[in-house]
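Engineer: Sequence lines, in order, name chains A and B. Sequential numbering from 867 applies to the first sequence in our numbering. Sequential numbering from 271 applies to the second sequence in our numbering. Don't be surprised by glycine CBs; every beta carbon is placed ideally from N, CA and C. My questions all concern the structure below.
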Amino acid sequence: MSLQDQPPGLVQRYKLRLKRRRLLWRSFRSRHQLTALSDRTRRIGSGDILAFTTLRNEITRLPWFFHHYRAMGINHFLMVDNGSDDGSVPYLLDQPDVSLWQTGASYRASRFGLDWLTWLQMRYGHGRWTLMVDADELLIYAHHETRSLHDLTAWLDAQGCEAFGALMLDLYPKGRLGTQRYDPETDPRDTLNWFDPGAYRARRQHPLGNLWVQGGVRERVFFADRPEKSPTLNKIPLVRWSRRKAYVNACHSALPRALNFAYDGPGGHTPSGILLHTKFLPEVVEKSRIEKHRRQHFHDPDQFGAYYDGIISRPNLWTPGSEKLRNWQQLQDLGLMNAGGFPATTGK
Amino acid sequence: MSSLGVVMLVHTALDRVEQVARHWTASGCPVVIHVDRKVGSPAYSDFVAACADDPLILFSDRHVCEWGGWGIVAASQSAAELMLERFPEVRHVYLSSGACLPLRPLGELIDYLADRPRVDFIESATTRDVSWTIGGLDLERFTLRFPFSWRKQRKLFDAYVRLQRALGMRRSIPEGLVPHMGSQWWCLTRQTLSAILQDPKRAEYDRYFRRVWIPDESYFQTLARLYSTHIESRSLTLSKFDYQGRPHMFYDDHLQLLRRSDCFVARKIWHRADRLYQAFLTDQNSAMTPAEPNPGKIDRVFSKAVERRLRGRDGLYMQSRFPRRNTERSLTAFPYSVFQGFAELFEDFGPWLANATGARVHGHLFHPDRVQFAGDARLMNGALSDCANLRDYNPEAFLSNLIWNTRGERQCFQYSPADTQKINAFLAHDRNAQIAIITGAWAVPLFRSNMNFADIRSETARLQQLEAKQLELLDTARIKARIRIWTMADFVESPMDPLQTILEDMGAPQPNHLTEAPTMVDLTGFGKFLQNLKNQGMHPYMMGDFPVDDVFGSQPKSFEKPYLVQ
Chain A
867 MSLQDQPPGL VQRYKLRLKR RRLLWRSFRS RHQLTALSDR TRRIGSGDIL AFTTLRNEIT
927 RLPWFFHHYR AMGINHFLMV DNGSDDGSVP YLLDQPDVSL WQTGASYRAS RFGLDWLTWL
987 QMRYGHGRWT LMVDADELLI YAHHETRSLH DLTAWLDAQG CEAFGALMLD LYPKGRLGTQ
1047 RYDPETDPRD TLNWFDPGAY RARRQHPLGN LWVQGGVRER VFFADRPEKS PTLNKIPLVR
1107 WSRRKAYVNA CHSALPRALN FAYDGPGGHT PSGILLHTKF LPEVVEKSRI EKHRRQHFHD
1167 PDQFGAYYDG IISRPNLWTP GSEKLRNWQQ LQDLGLMNAG GFPATTGK
Chain B
271 MSSLGVVMLV HTALDRVEQV ARHWTASGCP VVIHVDRKVG SPAYSDFVAA CADDPLILFS
331 DRHVCEWGGW GIVAASQSAA ELMLERFPEV RHVYLSSGAC LPLRPLGELI DYLADRPRVD
391 FIESATTRDV SWTIGGLDLE RFTLRFPFSW RKQRKLFDAY VRLQRALGMR RSIPEGLVPH
451 MGSQWWCLTR QTLSAILQDP KRAEYDRYFR RVWIPDESYF QTLARLYSTH IESRSLTLSK
511 FDYQGRPHMF YDDHLQLLRR SDCFVARKIW HRADRLYQAF LTDQNSAMTP AEPNPGKIDR
571 VFSKAVERRL RGRDGLYMQS RFPRRNTERS LTAFPYSVFQ GFAELFEDFG PWLANATGAR
631 VHGHLFHPDR VQFAGDARLM NGALSDCANL RDYNPEAFLS NLIWNTRGER QCFQYSPADT
691 QKINAFLAHD RNAQIAIITG AWAVPLFRSN MNFADIRSET ARLQQLEAKQ LELLDTARIK
751 ARIRIWTMAD FVESPMDPLQ TILEDMGAPQ PNHLTEAPTM VDLTGFGKFL QNLKNQGMHP
811 YMMGDFPVDD VFGSQPKSFE KPYLVQ
């Protein structure tokens, strides 16, 4: 809650502009790293909402990922595969609404896939609403069971909102990690249905002006001794894209700076949603072994060995303070998301 | 045929309009419908054809209705004239819109009006007395000209208002008129309405109101004042507005709320709220005794909703609510109490306080080693961890989370200069914080400890400095917390009054008489202890004037027994 709300000065603003141009230039150059495996982008119609995803070995999550987002109204998925060998690629090639690119380049060197996706957004997302989510993130928002993303974005347009923020909420099972069963055709929320309800904290960061939200179960269990390293939970997944925009750090923050103020407001007017994070499906234990070895996540992977070791040791994340996931109304009551006035119906 | 006639101004959802119109005519109320001229021809002629079989439904001349423009008044005039001319039995004319829905059996409304044959129901207040105008225009609605559309030509609209203000341009209000405003949905008697419509000066008035802004909220409201013998300044139509001044839309889930209001008619109803139409348009046999409309019953719900929409929930920090500090009323969600020095002075302060107030009493939440949650819990509500590291990373968020997660239950915690001090400014600026301090009481544990005197001396100096700094901070202006401070000497001399006071501050269940006091620790020799510190060149002043021989006034104080109030 630091009080540095003053807008940056001229010099600072110019530096941010340069930074944004540099990021866009990097992304533009990174297009050479991508090979198109199936380019169905000609099927994209005007008014379509596009999803952008980088993935590696997510075959267990993909069926429900598509089920969830197709039902929500995503029209086309633009995906970058970073060396999957578990059958994800043939699966994706079979999907009629997926355009797939592949790359063997380093995930970390491309700012965790951001360069690739920014290029695709620049190329295909200009002027459209775009959703940037990982395969293990399921977006929900107020009235999401009855109102589509098209309803939401039309309403956001009418409100003059260019972006929609969300809190990443880690879901976990009751019992030791890796001991549950999960059928990829089913809702991961049946397996992972617990979360930490009330230990999140935020501060504004400068000079970007984005909120930095941390807390929750991963911090409680794995980062209690070094909270400054605990995962960042704020995201701006849904943005009316323009080729001049750029995400800075995954989709935690963005430029131009104004996008980061899509949250907050002096009194909580703004709508926000939740990204349900299904990281802790049973396979997480095995995956952590691999990722620890691959060293492709985090700016400084050496610092996170203990994190992976923590997961590999199969802890039980559940505590009596955990809350069972029911629906979005519950999340709103807890103060984790906010309808912000988005109505249940299109009343006229 | 009934003595109540209904004028409906409609522009959309014509199927619903027909449904509601037939509901009125079924009870014998004639209906005159004005359809906005913007409604295209096939839609309009189909609608007229659909209603043709009902002789009680008529259609009036059509005008173009723009929000805030003259068209709505012109429409009301045409329709009302037709009504008065064609249905001579009509005594009251009820102006409604296509989104209005009768909530009570129509017989009740007809009887209600029949009992009040001379009463005009029209909200009508002078410009000085209304608080709901948008855009800050109230009297100026009547004295400036508004040739531009507010919706479509906002910049021109604003610029022209500014220009007129700058040049001091003023229109004169026609003689005899006192500007009144109010809800556009009225119910007038034939006598009043015909007097307005047949006024010899009507052309002049119409010319004037044509350039008034939002004349539908002022034309009839002003002119009714000229002729009515009995004005009830309220609308019979329940209508709610959201924080932006737009009418609130009612959906299916407002059913019970609308029933409770006892109002005759409500607007705006969403045209696809099937359950509402179903519930209110089927003939209800209301066994209730005739009740006065009482929109007040649901007002609180709506003002709460508006407030929640505008301010969000106090004390909540999240992605879409992260207020700047100075814009907040309170930094936390619920009142809580901070006690400094009490746990040091009383052996069983925590259990005693919990017993006396029913609050949740924590230990030192800001203890450097570990968060001392109540009951020695490792996790508090919301899976808040007791890890000191996590707490110190952002102590303000820690505290606001704790209060948010336990909202509804009062939290108390112990505090001391030996704790992490980073929370002080936050406490001082939070109006939910009630802070009670016994200055210098932190010396008691040192006095009772088994430390070397040199260490005691340096620790005393350190804690005293910290407490002095804290008090300095609490003493500045713009403090919002409720703070009570006693020196240790004052407190020990008569502890009952302060204890009583803090219980009253917390709204304890039995504040009138304190029957059981906590046990004070044995302070025999404490005066001497302070003197020893002084002799060593350290000056302990936070405790106040603590007598060397522990004798307050003339009575030697015994610390042997617990205090009891007679």
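What is the DSSP secondary structure of tryptophan 930 of chain A, counted as helix, strand or coil?
Structural biologist: In the first sequence, the residue the question calls residue 930 of chain A occupies position 64. In this structure, tryptophan 930 of chain A counts as helix in the three-state DSSP scheme.
Engineer: Does chain A have any CB closer than 9 Å to the CB of arginine 579 of chain B?
Structural biologist: Your numbering for residue 579 of chain B matches position 309 in the second sequence. Taking Cβ atoms only, chain A reaches closer than 9 Å to arginine 579 of chain B, which makes this a yes.
Engineer: Can you give me the C-alpha to C-alpha distance between aspartate 618 of chain B and phenylalanine 683 of chain B, rounded to a whole angstrom?
Structural biologist: Taking the first residue of the second sequence as position 1, residue 618 of chain B is located at position 348. Taking the first residue of the second sequence as position 1, residue 683 of chain B is located at position 413. If I take the Cα positions, the gap works out to 14 Å.
Engineer: In its own chain, which residues sit with a C-beta less than 8 Å from the C-beta of proline 810 of chain B, not counting the 5 before and 5 after it?
Structural biologist: Along the second sequence, one-based indexing puts residue 810 of chain B at 540. These residues qualify, in order along the chain: Gly710, Ala713, Thr730, Gln734, Leu800, Leu803, Lys804.
Engineer: I need the straight-line Cα distance from leucine 834 of chain B to glutamate 763 of chain B, nearest angstrom please.
Structural biologist: Translated into positions along the second sequence, residue 834 of chain B becomes position 564. Translated into positions along the second sequence, residue 763 of chain B becomes position 493. Bear in mind that the predicted position of leucine 834 of chain B carries a pLDDT of just 41, short of 50, making it too unreliable to give a figure here.
Engineer: State buried or exposed for lysine 1153 of chain A, treating a residue as buried only when at least 16 other CB atoms are found within 10 Å of its CB.
Structural biologist: Sequence index remark: in the first sequence, residue 1153 of chain A carries index 287 (1-based). Buried is the call here.
Engineer: According to DSSP, is phenylalanine 1190 of chain A helix, strand or coil?
Structural biologist: Your numbering for residue 1190 of chain A matches position 324 in the first sequence. According to the sequence as given, residue 1190 of chain A is lysine; it is not phenylalanine. Lysine 1190 of chain A falls in the strand class under three-state DSSP.
Engineer: Less than 9 Å between the C-beta atoms of threonine 1144 of chain A and leucine 1037 of chain A, yes or no?
Structural biologist: The sequence position of residue 1144 of chain A within the first sequence is 278, counting from 1. The sequence position of residue 1037 of chain A within the first sequence is 171, counting from 1. Closer than 9 Å, so yes.
Engineer: Put alanine 1120 of chain A into one of helix, strand or coil per three-state DSSP.
Structural biologist: As a first step, residue 1120 of chain A is located in the first sequence; it is residue number 254 there, counting from the start. Three-state DSSP puts alanine 1120 of chain A in a strand.
Engineer: Any idea what DSSP makes of leucine 800 of chain B, helix, strand or coil?
Structural biologist: Mapped onto the second sequence, residue 800 of chain B falls at position 530. Reduced to three states, the DSSP call for leucine 800 of chain B is helix.
Engineer: With DSSP run on the structure shown, which of helix, strand or coil describes asparagine 1115 of chain A?
Structural biologist: The residue given as residue 1115 of chain A occupies position 249 in the first sequence. Strand.
Engineer: Counting only the same chain and skipping the five closest in sequence on each side, list residues whose C-beta sits under 6 Å from that of phenylalanine 1089 of chain A.
Structural biologist: Here the question's residue 1089 of chain A lines up with position 223 in the first sequence. These residues qualify, in order along the chain: Lys1095, Ser1096.
Engineer: For a quick check, are the C-beta atoms of isoleucine 705 of chain B and serine 607 of chain B less than 9 Å apart?
Structural biologist: Taking the second sequence and counting its residues from 1, one reaches residue 705 of chain B at position 435. Taking the second sequence and counting its residues from 1, one reaches residue 607 of chain B at position 337. Contact flag set, yes.
Engineer: Compare the C-beta of tryptophan 340 of chain B against all C-beta atoms of chain A and say whether one is closer than 9 Å.
Structural biologist: The residue given as residue 340 of chain B occupies position 70 in the second sequence. No - not a single Cβ of chain A is within 9 Å of the one on tryptophan 340 of chain B.
Engineer: Just the Cα atoms here: how many angstroms apart are proline 312 of chain B and valine 287 of chain B?
Structural biologist: Position 42 of the second sequence holds residue 312 of chain B. Position 17 of the second sequence holds residue 287 of chain B. Roughly 16 Å separates the two Cα atoms.
Engineer: The beta strand (DSSP E) that contains threonine 919 of chain A, what's its start and end?
Structural biologist: For this step, residue 919 of chain A is matched to residue 53 along the first sequence. Element bounds for threonine 919 of chain A: 916 to 921.
Engineer: Candidates B/Ser531, B/Asp745, B/Arg661, B/Leu697: which alpha carbon is nearest glycine 566 of chain B's?
Structural biologist: The residue given as residue 566 of chain B occupies position 296 in the second sequence. Checking every option, the nearest Cα to that of glycine 566 of chain B belongs to B/Ser531.
Engineer: What are the boundary residues of the beta strand (DSSP E) that includes proline 1103 of chain A?
Structural biologist: The residue given as residue 1103 of chain A occupies position 237 in the first sequence. From DSSP, the beta strand (DSSP E) with proline 1103 of chain A extends over 1100 to 1106.
Engineer: Out of B/Leu409, B/Met353, B/Val309, B/Asp324, point me to the one whose CA is closest to serine 273 of chain B's CA.
Structural biologist: For the purposes of this step, residue 273 of chain B is taken as residue 3 along the second sequence, with counting starting at 1. Looking at the Cα atoms, B/Met353 is the closest of the given residues.
Engineer: Taking all protein chains shown into account, do 16 or more other C-beta atoms lie within 10 angstroms of the C-beta of isoleucine 816 of chain A, making it buried, or fewer, making it exposed?
Structural biologist: The question about residue 816 of chain A has no answer here: the residues shown for chain A are numbered 867 through 1214.
Engineer: Using a Cβ cut-off of 7 Å, pull out every chain A residue sitting near phenylalanine 604 of chain B, in sequence order please.
Structural biologist: Indexing the second sequence from 1 puts residue 604 of chain B at position 334. Simply none; closest approach about 13 Å.
Engineer: Whose C-beta lies closer than 7 Å to the C-beta of valine 631 of chain B among residues of the same chain, with five residues either side of it excluded?
Structural biologist: Here the question's residue 631 of chain B lines up with position 361 in the second sequence. For valine 631 of chain B, where only same-chain residues beyond five positions count, the Cβ hits under 7 Å are Gly620, Leu623, Ala624, Ala644, Cys682.
Engineer: Give me the subset of the region 1014 to 1038 of chain A whose CB atoms are less than 8 Å from a CB atom of chain B, sorted by chain position.
Structural biologist: So the list reads Gly1031, Ala1032, Leu1033, given in the order they occur along the chain.
Engineer: Provide the residue(s) that pair with leucine 649 of chain B in DSSP beta bridges, ordered along the chain.
Structural biologist: As a working mapping, residue 649 of chain B is identified with position 379 in the second sequence. DSSP, once it has assigned bridges, lists B/Ser655 as partnering leucine 649 of chain B.
Engineer: Along the chain, where does the beta strand (DSSP E) containing glutamine 434 of chain B start, and where does it finish?
Structural biologist: Mapped onto the second sequence, residue 434 of chain B falls at position 164. Where glutamine 434 of chain B is concerned, there is no enclosing beta strand (DSSP E), although the alpha helix (DSSP H) it sits in stretches over 424 to 437.
Engineer: Alpha carbons only, please: which of B/Glu666, B/Arg398, B/Phe609 is nearest the one belonging to methionine 923 of chain B?
Structural biologist: Beyond the ends of chain B as shown, which are 271 and 836, falls residue 923 of chain B; an answer cannot be given.
Engineer: Roughly how many angstroms lie between the CA atoms of methionine 988 of chain A and arginine 1110 of chain A, to the nearest whole one?
Structural biologist: Position 122 of the first sequence, counting from 1, holds the residue named residue 988 of chain A. Position 244 of the first sequence, counting from 1, holds the residue named residue 1110 of chain A. If you take the alpha carbons of methionine 988 of chain A and arginine 1110 of chain A, they lie about 8 Å apart.
Engineer: In chain B, what lies closer than 7 Å to glutamate 1149 of chain A by C-beta?
Structural biologist: Position 283 of the first sequence, counted from the first residue, corresponds to residue 1149 of chain A. Going along chain B, no residue has its Cβ under 7 Å from glutamate 1149 of chain A, so there is no contact; the nearest lies around 24 Å.
Engineer: Need the endpoints of the beta strand (DSSP E) that histidine 304 of chain B sits in, please.
Structural biologist: As a working note, residue 304 of chain B is residue 34 in the second sequence. Where histidine 304 of chain B is concerned, the enclosing beta strand (DSSP E) stretches over 301 to 305.
Engineer: Please report the residue range of the alpha helix (DSSP H) in which alanine 902 of chain A lies.
Structural biologist: On the first sequence, position 36 is the one that residue 902 of chain A refers to. Careful: alanine 902 of chain A lies outside any alpha helix (DSSP H), inside the beta strand (DSSP E) at 901 to 904.
Engineer: What is the residue span of the beta strand (DSSP E) that isoleucine 755 of chain B lies within?
Structural biologist: Residue numbering aside, residue 755 of chain B sits at position 485 when the second sequence is read from its first letter. Where isoleucine 755 of chain B is concerned, the enclosing beta strand (DSSP E) stretches over 752 to 757.
Engineer: Is the CB of glutamine 589 of chain B under 9 Å away from at least one CB in chain A?
Structural biologist: Sequence index remark: in the second sequence, residue 589 of chain B carries index 319 (1-based). So, interface residue.
Engineer: Find the residues of chain A that neighbour asparagine 694 of chain B, judging by a C-beta separation of less than 7 Å, and give them in chain order.
Structural biologist: On the second sequence, position 424 is the one that residue 694 of chain B refers to. None at all; the shortest Cβ gap to chain A is about 14 Å.
Engineer: So what's proline 1137 of chain A in DSSP terms, helix, strand or just coil?
Structural biologist: Within the first sequence, numbered from 1, the residue matching residue 1137 of chain A stands at position 271. DSSP places proline 1137 of chain A in coil when its eight states are reduced to three.
Engineer: Relative to the C-alpha of leucine 980 of chain A, which candidate in A/Ser893, A/Thr1012, A/Ser1014, A/Thr1052 has its C-alpha closest?
Structural biologist: The residue given as residue 980 of chain A occupies position 114 in the first sequence. Out of A/Ser893, A/Thr1012, A/Ser1014, A/Thr1052, A/Ser893 has the C-alpha closest to the C-alpha of leucine 980 of chain A.
Engineer: If you draw a straight line from the alpha carbon of aspartate 306 of chain B to that of asparagine 675 of chain B, how long is it in whole angstroms?
Structural biologist: Here the question's residue 306 of chain B lines up with position 36 in the second sequence. Here the question's residue 675 of chain B lines up with position 405 in the second sequence. When rounded, the distance between both Cα atoms is 52 Å.
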